[in-house]
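J.: Protein chains in written order, with full-length UniProt numbering: chain G, 1 to 434; chain P, 1 to 434; chain R, 1 to 434; chain U, 1 to 434.
I'd like to ask you about the structure that follows.
Protein chains: 4
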Amino acid sequence: MSLRPARQEPIAGLYEPVTPAGHAVLDRLRGYLPLIRSTAAEHDRAGTFPTGTFDTFRKEGMLGATVPTELGGMGLDRLYDVAVAILAVAQADASTALALHMQFSRGLTLGYEWRHGGPAARALAERLLRAMVAGDAVVCSGIKDHHSAVTTLTPDGSGGWLLSGRKTLVSAGPVGTHFVINAQTDGTGEPPRLASPVVTRDNPGLSVLDNWDGLGMRASGTVDIVFDNCPIPASDVLMRDPVGARNDAALAGQTVSSIAMLAIYVGVAQAAYDLTVAALARRPEPPQAAAQTLVADAGSRLYALRATASTALTTIDVLNTDTSMDPGERGRQMMRPFQHAKMMVNQLAPSIVSDCLTLVGGAAFTAGHPLARCYRDVRAGGFMQPYTYVDAVDFLSSQAFGIDRDNNYMSHWAIRARSQGSATAESPSKLLSR
Amino acid sequence: MSLRPARQEPIAGLYEPVTPAGHAVLDRLRGYLPLIRSTAAEHDRAGTFPTGTFDTFRKEGMLGATVPTELGGMGLDRLYDVAVAILAVAQADASTALALHMQFSRGLTLGYEWRHGGPAARALAERLLRAMVAGDAVVCSGIKDHHSAVTTLTPDGSGGWLLSGRKTLVSAGPVGTHFVINAQTDGTGEPPRLASPVVTRDNPGLSVLDNWDGLGMRASGTVDIVFDNCPIPASDVLMRDPVGARNDAALAGQTVSSIAMLAIYVGVAQAAYDLTVAALARRPEPPQAAAQTLVADAGSRLYALRATASTALTTIDVLNTDTSMDPGERGRQMMRPFQHAKMMVNQLAPSIVSDCLTLVGGAAFTAGHPLARCYRDVRAGGFMQPYTYVDAVDFLSSQAFGIDRDNNYMSHWAIRARSQGSATAESPSKLLSR
Amino acid sequence: MSLRPARQEPIAGLYEPVTPAGHAVLDRLRGYLPLIRSTAAEHDRAGTFPTGTFDTFRKEGMLGATVPTELGGMGLDRLYDVAVAILAVAQADASTALALHMQFSRGLTLGYEWRHGGPAARALAERLLRAMVAGDAVVCSGIKDHHSAVTTLTPDGSGGWLLSGRKTLVSAGPVGTHFVINAQTDGTGEPPRLASPVVTRDNPGLSVLDNWDGLGMRASGTVDIVFDNCPIPASDVLMRDPVGARNDAALAGQTVSSIAMLAIYVGVAQAAYDLTVAALARRPEPPQAAAQTLVADAGSRLYALRATASTALTTIDVLNTDTSMDPGERGRQMMRPFQHAKMMVNQLAPSIVSDCLTLVGGAAFTAGHPLARCYRDVRAGGFMQPYTYVDAVDFLSSQAFGIDRDNNYMSHWAIRARSQGSATAESPSKLLSR
Amino acid sequence: MSLRPARQEPIAGLYEPVTPAGHAVLDRLRGYLPLIRSTAAEHDRAGTFPTGTFDTFRKEGMLGATVPTELGGMGLDRLYDVAVAILAVAQADASTALALHMQFSRGLTLGYEWRHGGPAARALAERLLRAMVAGDAVVCSGIKDHHSAVTTLTPDGSGGWLLSGRKTLVSAGPVGTHFVINAQTDGTGEPPRLASPVVTRDNPGLSVLDNWDGLGMRASGTVDIVFDNCPIPASDVLMRDPVGARNDAALAGQTVSSIAMLAIYVGVAQAAYDLTVAALARRPEPPQAAAQTLVADAGSRLYALRATASTALTTIDVLNTDTSMDPGERGRQMMRPFQHAKMMVNQLAPSIVSDCLTLVGGAAFTAGHPLARCYRDVRAGGFMQPYTYVDAVDFLSSQAFGIDRDNNYMSHWAIRARSQGSATAESPSKLLSR
């Protein structure tokens with residue numbers, strides 16, 4: 001007698017990839033899950049980055065998953081499938097998923113530059129993308145300035161730039177070889193612009209700190225990096241809009257960069273739920289009334305969680321390939337479902353995990369228990385950009401009411417930094433000592 | 001200058017049909033929305049059925065929307081597209097959507113009999129389906145026994161049956177021409193079976209009561225019907241499983257019959273939200289802090305609501321055409337996402353509507369205000385079968401824990417009725433007097 | 001054998017009065033509960049005011065419950081005990097409780113004028129209070145202007161005033177003999193002031209409309225009243241602060257006027273819960289898992305609901321007698337717990353009622369079912385002043401952050417009305433025709 | 001100029017003690033708060049017990065706070081005031097509050113034995129209570145058996161007992177000098193009984209493990225203790241009911257032992273809220289819309305949290321002194337409000353803390369941030385006995401529906417242990433090696 005394997009809920013809900021590239025990436029990733037799973041607790045406890053795992057990813061070309069096939073990558077280009085892959089990794093370890101997402105995300109955004117950018121941007125992007133495929137590059141991004149510094153590009157007088165400042169919350173920093181960060185020019189000669197310089201690990205002014213000690217996501221290597229007059233050639237800077245330009249076109253790239261991170265929290269919730277149901281099913285006594293109710297409720301919230309993230313990803317994948325639209329409108333249409341989904345993910349996923357702790361009972365309250373890790377990791381979702389909950393309310397309500405405002409959070413930060421900057425920014429040499 | 005219309009979030013989320021038939025049905029329904037909208041308040045107030053609207057539906061072939069094209073219908077066969085159509089109607093009036101859903105649902109389930117049933121079932125189904133197209137039939141279903149009676153088929157001694165009992169909550173009853181109800185045989189000769197006789201309006205033993213007076217859904221004509229020894233030819237009875245058979249295959253048909261009703265509550269929530277945002281946007285003063293927060297929160301819940309229903313419908317449409325699976329497993333795989341989605345719909349939709357009342361303020365608390373109607377109508381979702389919340393917890397938790405049980409709620413009812421029936425069942429003549 | 005009656009949770013939680021006057025009032029009210037209960041459904045259905053009940057209250061001195069004993073009243077002066085009494089009535093009928101609360105509230109606020117006001121105010125208050133005891137007065141308050149009019153006092157040239165405007169949401173209006181309303185002077189001669197004229201039923205310019213048709217609270221007679229140049233002697237006007245004065249002392253009176261209304265929603269939730277538990281306990285089968293869970297959860301929310309309202313009332317009763325404090329600080333200290341409690345009541349009470357509908361099932365969805373009435377009535381809590389949810393967020397957050405603002409909602413309204421008034425206000429003769 | 005200090009919401013809500021003893025204890029504890037606060041982060045990080053703090057408590061008589069004055073203690077006997085004291089400590093450090101609560105709780109329960117027990121129990125209680133006052137005793141309780149062992153008393157053949165087994169989750173274990181544990185007799189000669197032996201630290205068979213490593217409450221020293229044939233004189237055993245006796249009288253003692261622990265989670269939520277509001281108030285920009293809304297909402301939940309715990313404590317203090325009631329009924333009447341309050345505390349407190357993280361932003365997600373500690377500590381509330389959420393639903397729903405069952409969770413455990421015990425229990429020597 002042969003048992004026909006049960007089909008899991010298919011098609012939608014982030015259960016399966018929808019492209020061949022998605023299947024290929026997921027299949028390969030599945031091979032790493034035992035390794036990831038087996039070292040997760042130890043890295044969580046010690047707060048260390050899983051360098052071994054990432055070395056393997058590098059050597060085996062995994063970091064080129066989202067690099068276009070023309071450049072030797074695996075050509076994964078659907079956000080939906082990126083999310084399915086990240087979800088699988090997150091079920092084993094959320095920190096690894098977060099760090100890996102950064103690579104997948106860089107492949108996508110640099111791939112966009114390579115396809116649609118000007119000649120300089122295309123050359124820079126191609127260089128980085130080929131290096132990712134070859135295993136020579138781990139490209140990290142640095143978005144958020146440390147409160148003590150405004151990260152600024154100053155002309156070096158001979159056509160290049162000097163970069164100073166400090167970025168915080170740079171995931172995978174310990175293994176990063178290139179850092180694509182957002183900065184602003186200092187306004188000499190022309191109004192200040194947003195810009196994305198690429199800083200290589202061997203830049204003499206760069207320091208990668210070893211200062212990550214999170215409540216959760218402890219193995220994600222989410223460190224600070226400090227720039228002390230880093231020389232940056234002009235060819236390594238992607239120029240963006242002037243500070244204060246209201247350009248909602250930027251929302252498209254921000255959505256693409258970040259939306260698949262929702263899958264991390266879906267994965268954590270799914271892992272917690274599976275583990276919990278299995279634990280209760282093993283008990284000799286039948287489940288009590290409240291256990292039945294919580295399992296049904298949490299299962300339904302998990303379903304909604306998957307469905308909501310899945311639907312946003314599907315929609316955004318379509319918009320992502322539609323370049324006929326007005327760029328600002330396209331940016332807003334991508335950001336809206338992303339933010340709606342993000343608000344729900346950050347409400348539903350933690351509630352599922354918390355109910356799982358309730359169901360499993362006191363054992364889950366020990367530091368090393370997988371559910372205790374889920375409880376800490378899942379809370380990270382609320383702090384991911386764009387946007388925080390508070391900023392998302394401003395964005396979504398202004399969209400609902402038709403109120404015009406600057407929706408680019410990087411531009412917001414840049415403006416705020418300029419107005420407060422002189423008071424709080426400090427010299428880079430001081431920044432290192434924290 | 002031409003304005004490019006903004007694309008609403010497309011593809012997923014029940015914003016647009018996915019088949020040509022879905023588009024055709026939706027386009028035609030849109031033509032009726034002004035009529036539906038303009039009479040909704042009055043029918044709600046008086047608790048009357050919108051007979052005029054349904055006469056128009058009948059005459060113009062609208063009740064054949066889900067009848068196969070081979071039989072002259074419009075051939076709408078995707079539950080997703082049924083839901084998109086119902087959602088549009090529900091935004092105008094939830095009661096009308098509920099009554100119309102019953103027709104669309106009958107088209108689908110009778111279409112299934114016509115394609116997959118035995119010769120007798122196929123003949124019966126074809127007759128009804130052609131009549132729906134011709135505008136000669138409004139086919140209602142009656143599921144739930146009145147507490148006072150077990151609806152029972154007794155052999156009439158000459159190969160036919162006599163039907164007695166009482167059904168409650170039969171929507172569109174006032175205009176129903178045929179009633180497909182679930183009953184059980186009385187066990188004479190062979191063990192009692194579940195069976196679905198079709199009772200025509202002119203059956204001498206049939207009484208359609210005028211007893212609907214709901215908290216909400218007041219225009220849905222959700223009345224009781226009483227059977228007093230109705231003669232039913234054998235050819236008008238669809239035979240099902242013996243009472244007590246555990247046949248999860250039945251869950252497939254139950255899912256198909258009911259899942260698109262979720263769109264009613266999605267539509268109510270969407271209508272409430274749209275109306276509220278428009279009202280606040282008209283106010284001269286900018287929205288206060290809590291109004292911004294509630295609008296963003298409720299909008300995100302609305303997004304999750306659409307996404308969750310949408311994902312379940314997409315999944316179930318695929319399973320619905322996959323006849324290669326084990327029928328029991330297929331039934332469970334269809335019922336699970338339906339129930340997960342239903343639990344979330346019944347949590348999210350009322351919360352959105354309630355927040356809308358908060359945002360609009362005291363004006364919404366008058367009986368005739370559209371939001372007051374939404375507040376009453378949206379609460380109906382929790383009472384739709386299958387399952388109620390309490391039964392859904394039993395189903396979903398047993399599925400999660402791998403506990404075997406009878407998942408067919410009609411079978412449950414039949415068993416319970418048999419054990420309690422003799423004590424409470426009364427003669428039909430008495431039933432009429434209530 | 002004698003059964004010792006079980007002590008219900010005593011002392012705190014609004015289970016029992018704490019003063020002898022509270023016991024006396026509650027004991028007398030209990031005698032009316034059968035009458036109130038027996039007519040509630042019919043008045044709800046028809047939207048009629050229980051005039052018979054209030055005639056009885058009048059004749060038997062019940063409207064003097066909170067009038068000081070020195071003036072012949074029953075001397076109930078603790079808000080806690082007022083709430084216990086109102087809660088008992090609300091369990092029978094929320095509308096009656098709302099209308100009765102208005103009388104109890106007037107007794108308290110007029111009692112304050114009588115004790116602490118100037119000579120004119122004391123004389124006016126005494127007159128009204130003695131009439132309440134004698135059964136000659138039913139004193140209603142009118143707070144909220146109809147959107148079409150700013151209720152304004154204009155000097156009549158001979159020392160008195162002429163009052164024009166329209167008030168909406170005046171509970172017990174059908175039986176009101178005196179209306180204490182808030183208005184503003186027109187600014188002739190001196191800056192506009194807030195003022196509270198008392199208008200008697202026989203005033204030639206007064207019209208009491210019969211226009212209440214609420215979603216819930218349908219028997220509360222919450223009508224509009226229109227003033228068309230009503231002559232008001234100076235002695236019948238209580239003068240307040242100038243419009244725009246930031247005087248948080250007014251918050252004390254607003255708290256005293258309104259906080260005991262929280263007990264209405266506690267009562268509705270308690271009634272729904274009791275009815276539901278009794279219905280489930282009568283069923284032959286044991287409660288299913290989700291029923292057990294919901295009953296325990298809803299019971300706990302009910303406990304928190306009672307505790308939260310109870311604690312706020314206890315605190316405010318103490319502050320109410322402490323006249324040594326700075327009046328503004330006292331106002332804020334009274335309003336804060338009131339608003340905290342109000343926010344929770346309006347969250348917890350509707351959720352309990354909704355869970356009760358779920359537990360009882362489809363029967364609860366008929367218009368006349370007691371739970372359907374609870375579902376409609378309980379939603380009124382969110383619309384009671386002060387404050388609505390949106391305004392409460394402004395008040396509570398500014399209190400938390402130490403942000404100075406005008407907390408008097410009547411003053412807010414007056415200022416807004418002045419700025420928008422000329423555009424929207426209409427002549428009273430037109431107002432009548434709506 | 002002198003500023004009149006603002007009165008915090010007084011009287012109810014756990015803001016102030018209600019007895020002189022309560023004031024005395026709180027005043028003395030306040031002196032220790034700077035010490036507790038200053039070492040909390042370090043003990044949390046390392047998972048070490050604050051032995052220094054407890055040495056000070058011991059030396060300065062603080063552990064006699066709840067010991068009757070007749071025995072030299074401070075005579076604190078109101079649970080309300082115990083909670084106020086514990087709340088203050090928990091605002092500084094939840095772990096210390098948990099460990100200190102255990103002492104206060106022992107003083108209360110041993111005080112009850114001293115007043116109401118038989119001669120042997122009274123003598124034993126007096127000895128321990130006097131030692132607590134003198135600083136010679138830190139009395140811990142051990143309730144929950146390690147899953148591997150049933151803690152059992154076997155007659156030693158000469159009138160005493162031998163104790164074997166293992167207890168888990170014994171807070172303050174590292175400094176415990178006496179352990180009052182619950183065990184059962186082995187059934188030799190007479191049916192097995194529940195019993196509470198007192199084991200002294202120097203008992204040759206006792207091992208206090210150093211195995212606490214919690215998700216939160218990391219400084220509470222919540223270790224396992226192992227008994228390997230510990231000799232226990234008969235005079236050191238408090239005999240309870242036979243295993244399986246349904247004696248709800250035991251619920252009274254269980255309530256008294258545990259209810260004041262609710263104040264720990266109230267304190268954590270209050271600390272998180274205060275810290276958050278202060279952080280936001282310091283920011284140069286005004287709070288955004290969602291920040292205002294969350295602060296008002298969370299503040300209201302905090303109010304309800306305090307009110308609910310406060311009301312339960314007030315009620316239970318009254319019942320605690322009422323020995324005229326039927327003991328079983330009294331036990332149930334004490335346990336019901338405790339459990340209602342516990343369910344709400346475990347829902348409200350974590351939600352407040354989580355909102356505080358949202359408001360403060362990414363900084364709160366670092367391991368050492370006070371809010372990160374709050375987030376971990378506050379989750380402990382769900383695991384405290386009696387009861388867990390799942391068991392509380394069984395208790396409260398059976399109380400609501402009038403279903404008779406054994407409500408003594410210790411008895412439950414004993415019965416389950418007996419039925420499963422032989423399969424899983426292991427020899428104590430093996431237990432040590434884990």
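No residue lacks a Cβ here, since even glycine has one placed at the ideal position from N, Cα and C.
Kindly indicate which residue of S141/G, T69/G, L128/G has the alpha-carbon position closest to the one of H101/G.
T.: Selected option, being the one with the closest Cα: S141/G.
J.: Looking at chain R, is there any beta carbon in it that lies within less than 8 Å of the beta carbon of D213/P?
T.: Cβ-Cβ to chain R under 8 Å: yes for D213/P.
J.: For the putative contact between T53/R and L35/R, defined by C-beta atoms under 8 Å, what is the C-beta separation to the nearest angstrom?
T.: The Cβ separation is near 6 Å, so the contact holds.
J.: Starting from L163/G, follow the beta strand (DSSP E) in both directions and report where the run begins and ends.
T.: Note, L163/G: beta strand (DSSP E), 161-170.
J.: Run through DSSP, which three-state label would G381/G get?
T.: The answer is helix: DSSP assigns G381/G an H, G or I state.
J.: Quick one, which residues of the region 284-297 of chain P are near chain U if we go by CB-CB under 7 Å, in chain order?
T.: Flagged, chain order: A289, A290, Q292, T293.
J.: Strictly under 8 Å for the Cβ-Cβ distance: is A6/G near chain P by that measure?
T.: Residue placement at A6/G cannot be trusted, given a pLDDT of 42 that sits under 50; the coordinates are not used to answer.
J.: With distances taken from CA atoms, which of P174/P, A249/P, L359/P, V268/P is nearest F49/P?
T.: Considering only alpha carbons, the answer is P174/P.
J.: In angstroms with no decimal places, state the Cα-to-Cα distance between V198/G and H178/G.
T.: Distance between the alpha carbons of V198/G and H178/G is about 6 Å.
J.: With DSSP run on the structure shown, which of helix, strand or coil describes V393/R?
T.: Helix, per DSSP.
J.: Can you give the Cα-Cα distance for T321/G and M384/P, rounded to whole angstroms?
T.: When rounded, the distance between both Cα atoms is 40 Å.
J.: If you measure from the beta carbon of S354/R to each beta carbon in chain P, is any gap under 8 Å?
T.: Taking Cβ atoms only, chain P reaches closer than 8 Å to S354/R, which makes this a yes.
J.: Quick check: L238/R and A309/R, are their CB atoms within less than 8 Å of each other?
T.: Cβ distance not < 8 Å, so L238/R and A309/R don't count as in contact.
J.: Thinking just about the alpha-carbon of each residue, which of A380/U, L76/U, K167/U, A85/U is nearest to the one in V226/U?
T.: The shortest Cα separation from V226/U among A380/U, L76/U, K167/U, A85/U belongs to K167/U.
J.: Quick check on the DSSP output: the beta strand (DSSP E) that includes F217/R runs from which residue to which?
T.: The question names Phe, but residue 217/R in the sequence shown is Met. No beta strand (DSSP E) contains M217/R, which DSSP labels as neither H nor E.
J.: In its own chain, which residues sit with a C-beta less than 6 Å from the C-beta of P287/U, not counting the 5 before and 5 after it?
T.: L280.
J.: What does the Cβ neighbour count give for G331/P, buried or exposed, with the cut at 16 atoms within 10 Å?
T.: Its Cβ being crowded by 16 or more others within 10 Å, G331/P is buried.
J.: Considering only the beta carbon of each residue, do V268/G and C356/G sit closer than 8 Å?
T.: Contact flag unset, no.
J.: Could you give the C-beta distance for H146/G and D224/G, rounded to a whole number, given that I count them as a contact under 8 Å?
T.: Correct: roughly 6 Å between the Cβ atoms.
J.: Is A367/U close to chain G? Criterion is C-beta to C-beta, closer than 8 Å.
T.: Yes, contact with chain G.
J.: Leaving out the 5 sequence neighbours to the left and right, which residues in its chain are closer than 8 Å to M1/G when beta-carbon positions are compared?
T.: Annotation note: pLDDT 32 at M1/G (below 50); position unreliable, no value reported.
J.: Evaluate P342/U with the Cβ neighbour count: other Cβ atoms within 10 Å of its Cβ, from every protein chain shown; 16 or more gives buried, anything less gives exposed.
T.: The residue asked about is misnamed: residue 342/U is Lys in this sequence, not Pro. That one is buried.
J.: If you run the structure through DSSP and keep just helix, strand and coil, what is L98/R?
T.: L98/R: helix per DSSP, three-state reduction.
J.: Expressed to the nearest angstrom, what Euclidean distance is found between the alpha-carbon atoms of S38/G and Y32/G?
T.: About 10 Å.
J.: Could you check the C-alpha separation between R106/G and G381/R for me, to the nearest Å?
T.: C-alpha separation (whole angstroms): 51 Å.
J.: With respect to the alpha helix (DSSP H) encompassing H147/U, which residues constitute its N-terminal and C-terminal limits?
T.: Looking at the DSSP string, H147/U is not in any alpha helix (DSSP H), and its letter there is neither H nor E.
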